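Each residue of the sequence shown is one higher than the one before, starting from 13 at the first, in the numbering used here. For every residue, glycine included, the Cβ atom is placed at its ideal position computed from N, Cα and C. Owing to the predicted nature of the structure, the values given are computational and were not obtained by experimental measurement. Report on the following structure.
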Amino acid sequence: MGCLFCEIINGKIPCYKVYEDADVFAFLDINPTMPGHTLVLPKKHCSGLLDVDVETLSKIMTAAQKITAAIQKALGSSGFNIIQNNGVPAGQVIEHLHFHIIPRNESDGLKHWPGKPYSGDMAADIANKIQQKLEIGNW
Ligand code: 5GP
Ligand code: ZN
């Protein structure tokens with residue numbers, strides 16, 4: 013099956029482009045959470061954060077920083093969220109890695125996800141497990 017975002021990058025499907033360089037492409041989300049909601053992605057297809065090479069990832073984030081600064085200046089927004097939905101349980105719909113830049117303002121009414129405190133030894137256990145996986149370098 014074809015990739016919708018590859019088709020947008022190749023110009024086969026129209027978009028409101030805001031940025032392009034040799035490796036990175038960015039355009040307005042068709043269904044914005046806030047006006048100026050922008051998607052930043054690699055031109056090279058990869059499905060998510062765990063299968064992108066670090067050089068490309070670095071280029072995406074460098075471009076995202078530049079694009080975010082331009083959004084703030086253009087729209088006068090005073091904050092922003094950068095979100096990357098990864099995998100179906102996390103709400104990823106398009107399987108081509110992309111970062112959402114969502115401009116934010118003081119009274120925009122958007123709420124953050126609720127938190128739920130750890131109980132007992134749970135935090136220590138989880139931190140240990142993650143550290144072990146990082147130490148043996150098997151990710
Ligand atoms: P995900 O849920 O995969 O993180 O986000 C996919 C995003 O792509 C959604 O916010 C959705 O509105 C946006 N989107 C889906 N189809 C199109 C399209 O054809 N054009 C544009 N510009 N955005 C799209
Ligand atoms: Zn793609």
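Inter-segment contact for the segment 122-138 and the segment 62-71 is absent: fewer than three beta-carbon pairs are separated by less than 8 angstroms.
Per the coordinates, the alpha-carbon of His124 lies some 35 angstroms from the alpha-carbon of Gly23.
Neighbourhood of the ligand ZN, defined by CB distance below 5 angstroms to any of its heavy atoms: Cys15, Phe17, Cys18, His57, His108, in chain order. A Cβ-Cβ separation of about 19 angstroms leaves Leu61 out of contact with Leu16 under the 8 angstroms criterion. Under the DSSP assignment, Glu67 falls in the alpha helix (DSSP H) whose first and last residues are 66-87. For Asp137, the shortest C-beta to heavy atom distance toward the ligand 5GP is 7 angstroms or greater. Of the heavy atoms belonging to the ligand 5GP, none sits nearer than 7 angstroms to the Cβ of Phe92.
Taking 7 angstroms as the cut-off, the C-beta of Ile25 counts as close to a heavy atom of the ligand 5GP.
Taking 7 angstroms as the cut-off, one finds no heavy atom of the ligand 5GP near enough to the beta carbon of Asn22. Ile142 is positioned such that its CB atom lies no closer than 8 angstroms to that of Ile114.
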